[in-house]
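Same order as they appear, the protein sequences are chains A and B. Per our numbering, the very first residue in the first sequence carries number 1132; after that it's consecutive. Per our numbering, the very first residue in the second sequence carries number 667; after that it's consecutive. Read through the structure below, which is laid out as structure tokens, and then see the notes.
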Amino acid sequence: SQTIHQWPATLVQPVGSPLSLECTVEGTSNPNLYWYRQAAGRGLQLLFYSVGIGQISSEVPQNLSASRPQDRQFILSSKKLLLSDSGFYLCAWTPYGRDLQYFGPGTRLTVT
Amino acid sequence: QKEVEQNSGPLSVPEGAIASLNCTYSDRGSQSFFWYRQYSGKSPELIMFIYSNGDKEDGRFTAQLNKASQYVSLLIRDSQPSDSATYLCAVNRDDKIIFGKGTRLHILP
């Protein structure tokens, strides 16, 4: 069966510090991968998505970046965090050729 | 016009009653429609998907789709306190899924 992992589960970082969040999917090949952010009391904001290794589409210009170094690995990064980067970061995947999207457990980021 | 619109609620429903959640979407080209449940502090969980006009039932849940009216709904029969959550409606667009902001549902014991 397929599973999706995200780490860390929670993170507290000072303003201006770097960020690296990792997501991996097991039990599938060539999934589409997605990064979302959900700010407190707000909807899901799609940040990046990837349909293959090295292929990244950005939805919202900001100080975040994403990379997909391996088929089932998706990384979200920032060189310098802003207070507005606080939120619940969710990685999601869809099976190859399908459109059913499944979410990981999420990382709750607080920027202080 | 927002791509996917939902009433934010909260929608309060007595235990045992039918909860009805509604959603409209703007892209007539959308072919796939989803409902997710999100408990407070947790990630969204896919609970229903529907591709064709009409009803689709799964246990206590029924998804309804009307493409002509660009309308999707979710019915929850015999509502339980454990159904209290935020329900997100979503539709596909190319390689992406577009989410509504969600409706908060509160089941009253």
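For each residue, glycine too, the CB sits at the ideal point set by N, CA and C. Quantities reported herein were computed from a predicted structural model and do not represent experimental measurements.
Own chain residues within Cβ distance below 6 Å of residue i, not counting five before or after
i: Asn1194/A; result: Ser1209
i: Phe1219/A; result: Gln1169, Gly1237 and Arg1239
i: Ile716/B; result: Phe699, Lys722, Ala729 and Leu731
Contacts that residue i makes with chain A (C-beta to C-beta distance below 7 Å)
i: Asn758/B; result: Asp1230
i: Phe765/B; result: Gly1174 and Leu1175
i: Phe715/B; result: Leu1231
i: Gly675/B; result: Here the premise fails: no neighbours, minimum Cβ distance about 12 Å.
Member of the options whose CA lies at the smallest distance from the CA of residue i
i: Asp1230/A; options: Leu1142/A, Pro1139/A, Thr1241/A and Val1182/A; result: Val1182/A
i: Ile617/B; options: Gly766/B, Ala756/B and Ser748/B; result: Any property of residue 617/B remains undetermined from this structure, which presents chain B solely from 667 to 775.
i: Val1143/A; options: Pro1226/A, Ser1217/A and Gly1235/A; result: Ser1217/A
i: Asp693/B; options: Asp760/B, Thr769/B and Tyr705/B; result: Asp760/B
i: Pro1139/A; options: Ile1206/A, Ser1160/A and Ser1188/A; result: Ile1206/A
i: Leu1213/A; options: Trp1224/A, Gln1204/A and Val1242/A; result: Val1242/A
i: Glu1153/A; options: Gly1228/A, Ala1197/A, Gln1232/A and Thr1134/A; result: Ala1197/A
i: Ser1160/A; options: Phe1234/A, Thr1225/A, Gln1137/A and Leu1178/A; result: Thr1225/A
i: Ser696/B; options: Pro775/B, Ser718/B, Ser750/B and Leu771/B; result: Ser718/B
i: Ser735/B; options: Arg726/B, Asp724/B, Gly720/B and Gly725/B; result: Gly720/B
i: Gly768/B; options: Arg726/B, Ser706/B and Lys762/B; result: Ser706/B
Neighbourhood of residue i by C-beta, 7 Å cutoff - its chain only, sequence neighbours within 5 removed
i: Gly1185/A; result: Arg1199
i: Asp724/B; result: Met714
Chain-ordered chain B contacts of residue i [CB-CB under 9 Å]
i: Leu1221/A; result: Ser709 and Pro710
i: Gly1235/A; result: Ser709
Cross-chain neighbours of residue i in chain B, by beta carbon under 8 Å
i: Gly1158/A; result: Going along chain B, no residue has its Cβ under 8 Å from Gly1158/A, so there is no contact; the nearest lies around 16 Å.
i: Val1182/A; result: Asp761
Under 7 Å from the C-beta of residue i: neighbouring residues of chain B
i: Val1143/A; result: By Cβ distance, chain B contributes nothing, its closest Cβ being about 16 Å from Val1143/A, past 7 Å.
Beta-carbon neighbours of residue i, restricted to chain A and to distances below 9 Å
i: Ser698/B; result: Asp1230 and Leu1231
i: Gly768/B; result: Gly1174 and Leu1175
is_contact[residue i, chain E] using C-beta, thresh 7 Å
i: Asn1161/A; result: The chain labelled as chain E is not found among the protein chains of the depicted structure, namely A and B.
*Is it true that the stretch 1161-1177 of chain A meets the stretch 742-751 of chain B, where meeting means three or more beta-carbon pairs spaced less than 8 Å apart?*
no
*Answer yes if the stretch 749-756 of chain B comes into contact with the stretch 693-704 of chain B, meaning at least three C-beta pairs across the two stretches below 8 Å, and no otherwise.*
yes
*Unbroken stretches of the beta strand (DSSP E), 3 residues or longer, contained in the stretch 1141-1170 of chain A*: 1141-1144, 1150-1157 and 1163-1169
_Counting beta carbon pairs with one atom in the stretch 674-692 of chain B and one in the stretch 732-741 of chain B, are three or more of them shorter than 8 Å?_
yes
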